[in-house]
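Protein chains in written order, with this note's numbering: chain A, 820 to 1034; chain B, 56 to 379; chain C, 6 to 669; chain D, 1405 to 1897.
Cβ coordinates follow ideal geometry from the N, Cα and C atoms, glycine included.
One structure is given below, encoded as structure tokens.
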Amino acid sequence: MIDSIISALFFVTLIHITITTRLAEYIKALVIQGILIFILTTSNYKEIGLFHTLILGGGILFIKTLLIPYFIAYIIKKIKIKREAEVSIDNFYSMLIAIIIILISFIIAMFINYFDKSVNSMLLAVSIASMNIGLFIITSRKKIITHVMGYLIFENGIYLMSFALAARIPVIIETGVLLDVFIGVLMMGIFVNRIATTTESLDQSELRRLTDSCN
Amino acid sequence: MTFAIIRYLLMILIALITPGIINKTKAKCGGRKGASILQPAYDIIKLLRKSEVISSSTSLIFKLAPSITLASVLTAGMVAPIGGMKPILSFSGDFVFFAYILGIGRFFTIIGALDTASAFEGMGASREAAYSMFLEPAFFFIFGSLAMFTGVSSFSEINSVLSINNIAHTSCVPGFMDIINCWIHPSNNMVLFVCSMIVILITILVEASRMPFDDPETHLELTMIHEVMVLDNSGPDLAMIKYAAALKITVLASLITGLLIHNWISPALGLILYIIFITLTAIVIGVIESVTARIRLTHTPQYLIAASAFGITVFMIMIAGKII
Amino acid sequence: MDNIFIGLLIIIIGGILSIIIDQFLEGKGLSGYVLLLFFIIGAPFILIPSIDVLITGNVYTASYNAGTPMNQIFFELDGLSAIFTTLITVMSALVLIYSQGYLKPYEDKGFFIGIHFFFFSLLVVSMILIVIVRHSMLFLTLWEIMSISSFFLVAFEHKDKIARQASVNYIISMHIGVVILIIAFLLMTNKSGSMFFGDFRKVFSANTFSSSIIFALFFIGFSFKAGFVPFHTWLPKAHPAAPSHISSIMSGVMIKTGIYGILRICAYIEHPLAWTGYFVLIISLITGFFGIINAIAQSDLKRLLAFSSIENIGLIGIGIGVGMLGLSYGKPLMATAGFAGALLHTINHSIFKTLLFLGAGVVYNLLHSRNIEIMGGLIKKIPVTSFAFLIGALSISGLPPFNGFISKFMIYSGFLSEFRDCSNLLLTAKVFSAAAFALFGGLTVACFTNVFGIAFLGAYRGQAKKLTPAKTSLWMVVPMVILSALCAVIGLFPAIIINILQSPLQSFNLRYLPAQISIAASISQVSLIFVSMALILILFRYLLLRNKLVQTAVTWGCGYESPSPLMQYTSSSFAEPITRIAKQIVGITEDIKGAGKLFEDSLQYKSNSKDIIDSGIVENIWYLIQGFLNRFTWIQCGYLRHYILMILITLLVALLLSIGSFVI
Amino acid sequence: MQLELYLLILPVTAAILSLMARSDKFDIIVLPITALLYISVICNISPTTVSNDGYFGIDSLSYLFLVILALIFAGSSIYSINFIKHLHKKNPDSRHLFINGMFKYTRIYAPLMLLVVASMTGVIISSRLTLMWVFIEASTLFSAPLIYYHKDEETLEAVWKYLFICSVGVALAFVGRIAIAQAAKNLPETNLTIDYLITNASLLGKPWIVIAFVFALIGFGVKMGLAPMHTWLPDAYSSAPAPISALLSGALSACAFFVILRYYQILRAVDMLIFARYLLISFGMLSIFVCAVYSVRVKNFKRLLAYSSIEHIGILSIGIGLGGYAIYAVMLHAVCHSMAKHSLFHIAGNFLKAYSSVDIDRIKSASSHIPINSILLFVLIFILLGFPPSGIFISEFTILKEMVQTSNWAVLIIFVLLLTIIAYSFISAAIKMIYSPMDAQIQNEVKIKTNESVLDYISPMIFMGILILLGLHIPAWFENVLQNAVKALGGSL
């Protein structure tokens, strides 16, 4: 029951992200997704067990809803990235693609449900959708910071997937959270160095000096 | 063996007069009286007595070339059939040897010419090389077909097989007419013989640098092949070259006789026939020379290739004959 | 058998020592002598067993367990191998002697002589091992070692670009060849179930179509080394680029390992299918014609020799083809003549082609150019070399009384024997090949009269002062003299060598019929007559001119007063009557500047010939491949998002396929 | 306590020590000593099967990869001596970890390298999929700062792409792990070791295993450098310093490959290989194709080597896809390629040191300037291209053998064609660098250092010797190791 509601809301955030062009909206969406995931985690504490639930909940609240969004906002302010995301394709098409992706993910979920009844197809669909949409955002947005956010969405999808499947093994779910730490460290490493070393800001152009193609 | 040597010596002697006969014929055709038949022999003897003038740019090769050329022709003569009789040397595949031993003579003639560092002689040398190259396949096609027809691969064996083929239809004491009968006898594949003779004739014309491929008379160096190569030779060298040329005609002509004269007739008759045929060939050459004009140099290769094509047709006819 | 390995060990040690001496002990110039010394010590260990095999006809075998991956490895020294071991050892010894003199000028120019000699020894050792090994994988390994070492030898004069490109071209051709060989061997081992050559026989004896396909693969794979058209393209590039002693070892010996491979495979086929025989014959005919017609068009001496090598490989191939046809139609005489002719021509060619390349090397050291057009009159400067070259030219033209004639005659007798009950196809093949053979003969004469006449005779075309009176070092002269002596001896007394050929023919389980011996006898007879007659005539001429004064004058220029050496006939003009007809085949490109106008003050004519197969086919294929590859350069475009997109698409496709494969 | 844990503890402690150490000398000696101890530990280990409850364990497969890792570690540690000296010479100031908010490369080099080695060891010896995954992630994290040596735009970009693409890959791999968990939901045990999964393969849900394999192949394929997920690889390898690119190319991709092999084992246990075969072969072909496309045009020697790494990874995956004899070939190839590529990157580093460039057009007549290195380069390139005698020849020969036996003619032909193109471009590059005469313009621009230190070329030389020997004769004990690994993967011998 609650899973379905959460996944419905999650879909809303996903579509919102695909059509919005302002970075602030992205951050908001990320925060909302974090909260949704938090609710999802705590809602089925029976299977995970209280101890793990506490760890996970705390971790998610801290990392997903506070630390990373704040850090992204800080970077945006610090190195004066322009406020809107540069989308390489037209807004309408990106929404269209998002909807297609969602449909496809539902189909895949159905397929999987076809040979394994034990999966929660709704959650699975939303997880696949958010994975694909995350990757789609990476591929369709030009800014590096949007790449990061796309990655976060993608990774939320993975987190959801570990709930969608029947076997909810706490260890695995926790290691899933590690991904956040990973990306956090990643951004630290890159951007801190970046800000320290070079003056020029990141949104001028994409990094593509290293290439072997003729153009 | 001794007889073979005697025949060989006879051929060498005949070679002295063959060019004389040719010239005489030409003179007659031209309505002139013409020099004596023995004139070439006289020339050679005269040259042998003379001394030499050697070009300053030459090397030892130039001095060796004529002797080696003559030697090659003489050696070639040893395997050529004379009057349908067994030559001094005969082994299977000796016509290959025949072709290649003439080749070494040609090789030395050419490099001898190039040794003089003269543009004209180089020109002649190049043409000589090219033409003889074009002619090789024709020769091999003909003798290949003959070998195929007879199943053996040496002049004398071919001759003997041919003789065996038609000894059947001759009377006990073979006379002149019998030979004629044999030639026209169907079992004898007239086509092959005629074609072979024609090809050999062309070979003679080219090898001995005669009309229509070359002109021994003119002294426009640019147009000539053989004569221009020997511009700088004189004295004994020139004598040897002239004699080699004459001998070459005779040797090649005696290949024709090898096809025509069979070895079951008496040696004496054979020799007589041989002399007759050589003379006939010389006369034919003379006539050809006096009735044909010289082919344009650039067209000569085509005629030579035509000779090869002729050979191919002969061969094909043979194959067809096998099939039927 | 072990003696051979000892000998090889000694040689390779010599090679290593020569590196050490050259690099670390500062013994400049000594390294060559060291290797030569070791070679001379090592050679008898190889020669004695080989010659023993050739004379007695018994076969040595050895087999060791090399552990993984080779497992059991086999060596065998039978007649066929012995011929090649002898050839390789003798030729490389002579070339090594020659190189002592040839490499002197290079020593103080910062070339790594030591490494050069090391690779030389490696090349020799690998070639000898190739000939005696009977194990597929080891064979391939050695084959590639041979290619690599010769690659470094070709790249010796690495300072000029041509040499580098040629060596790369060479190694790549070898690589393609070896890949084909690997596939052939794999198919073979797959059928026979072992790496041992001896088991090939039972695969071939099945005599199916597939086995003949395998043979074709083997043939093509070896053709890359041997230089059959159209796999020859490396040859005219590598030979001019390499230093002369290397070109001679490559052309004289190394490409023969390809022939060896083909013969070795043939030895395992009792009754080949007829089409393989015709296949070999036709390719060889094309090779011969292409090679010689291009050789005539060249004005670069070593490139010319390279093309003539291609022609001779063609002749050898014709011999092999005749042999195979003889086998497949069950005509022993023909088969014997074919294979014997092929072997004999292999030997002869390696003798006179080595000789010719060594001569070319002397010329190159004298003039520092390979262009025939600027040569001339060299016989006055380097008489010994010139006469050696003349003998080489006569032999390669296949003229009696030299060795080239013997092998050609042998192959002819293959064509012209056993006409009884032949199929028409076979008859046609025989007679046409005979005629083609004759044509090649004529062309060869034209080609080599051209080379010798233009380059060595007449007057020097360059500035005469540059042509310093060269005293060729004895190191270089002796090998050439030995080789030319060999040419003459084999030509005059063929019976010896033909007797020796009996033991290799046992590998094809063929036996001589007395015919060949007798023919050989009569050939030597008639050749001797020719020689003596020539000598008599020369003596006769000498006697005639003994007490007459022979005066010298300037060449008769038909009245022209002041002839200059530049007015001589050039090589390309000599070849013109032939090349004009075969213009398309020899790929002649001409350009004439300032022609057509009257009273032209300066007229310029340039012509050069290029290998049509190389420039026409191979290069175009390469361009096609490159063009195709360049279509895909967007892969590494530098956009992170594209990279992620690629991953995404891959993922989706893979997922849909996998899940779909379940649902359906 | 299990012996293999020492393999983990040893580098970690060494890393901590070198972080705390006060003297520069320590960095120099710590790597060789650790390598020595590491190898000595490996010599005492005998591969066993792992008990279910253990977290770590070594079976025959992981033993082979440990050998590879040990070899590479030893090589890098020897090479690093001069490199660390060079670093200290460059900035000899105090040993603070950070200068103005950014870590000091000199300081972190040795510790991070040790940590990378530790994490790779963890990948190999850990007997649980989750643990493996964590260690892979860790290796990415630790190796990233090592790449960031020249602190300029290109390097930053390389690091960024490396981190980002690898993290995407790692995340996908995690999905694979989840799928395995789902597949194993009928199993009583929740924390799964490989052996446990393989032994109870009958209870696993086949579809999930296949999905897991697809995700794992693509996810770890990113780390391994399998086309089309290879895209980070040329950038990272070309901008990292020589010892690091050597380490990454030699060991890291091998580790990722090892993880894929683990999943392959599970897939094989539930015998669902058929689909995987096509996937592996097509990815492999694609990788070789990518190498062929770029090896013709690339002018940067290190990038060229990177592409050749992609090619060889492709060969590995093709071999796995073919199965049969090819498995043996793959095992051998993994070892040989790691050694060869590791050595070649070191040589490339020496060239960079001598010419201060890795541009093929700017390196000329190396044969006269740095003869030993150029000989090594030439021979190693011939080895890398699969010219005999070398282990790589043997492995490629065996792969071709398998192709012929299973009569994959199309694969065979494309394979050899692409390999020939690659061979052409590599040999021409090598001959250009080594033989082409030096032109004045370059000679004026750069001052060529012609001194060759033994420490720089000793390990490539040794590896070259080993490779050539492997081509002629494989020692019995090593053959044994290989064959056990092959048995573990169910290949035929």
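Rounded straight-line distance, which links the Cα of residue j to that of residue i
i	j	result
D1022/A	D596/C	Low local confidence applies: a pLDDT of 47 at D1022/A is under 50, so the model's placement there is unreliable, and no value is given.
I137/B	S187/B	24 Å
I143/C	E149/C	Looking at the sequence itself, residue 143/C is Leu, so the reference to Ile does not match. For L143/C and E149/C, the distance between alpha carbons rounds to 10 Å.
N181/C	V1820/D	As written in the sequence, residue 181/C is Ile, which differs from the Asn given in the question. Cα to Cα, I181/C sits roughly 9 Å from V1820/D.
T1824/D	A1892/D	33 Å
I1685/D	G853/A	40 Å
K865/A	C1659/D	37 Å
D1763/D	A1650/D	18 Å
CB contact flag (residue i, residue j, <8 Å)
i	j	result
I78/C	S68/C	yes
V173/C	I1831/D	yes
A464/C	S112/B	yes
I824/A	I891/A	no
V483/C	I102/C	yes
V369/B	F194/B	no
S1653/D	F1749/D	yes
S1643/D	I1512/D	no
I900/A	K962/A	yes
A59/B	M140/B	yes
Buried or exposed (CB count within 10 angstroms, at least 16 for buried), residue i
i	result
R139/C	buried
C1695/D	buried
G226/C	buried
W1612/D	buried
E1715/D	buried
F1568/D	buried
G599/C	exposed
T1018/A	Only weak support is given to the placement of T1018/A: the predicted model assigns it a pLDDT of 43, under 50, and the value that follows is read from those uncertain coordinates. Answer is exposed; the Cβ neighbour count stays below 16.
Three-state secondary structure (DSSP) of residue i
i	result
Q303/C	coil
Q1669/D	helix
N1777/D	helix
H180/C	helix
S612/C	strand
S1523/D	helix
V108/B	strand
N8/C	helix
I1462/D	coil
Cβ separation of residue i and residue j, assumed to be a contact under 8 Å, to the nearest whole Å
i	j	result
F461/C	I401/C	The Cβ separation is near 15 Å, so there is no contact.
H276/C	S333/C	6 Å
G1956/D	S1657/D	Only positions 1405 to 1897 of chain D appear in this structure, which leaves residue 1956/D out of reach.
Heavy atom of the ligand SAH within 7 Å of residue i beta-carbon
i	result
I1831/D	The ligand SAH is not part of this structure, which contains no ligands at all.
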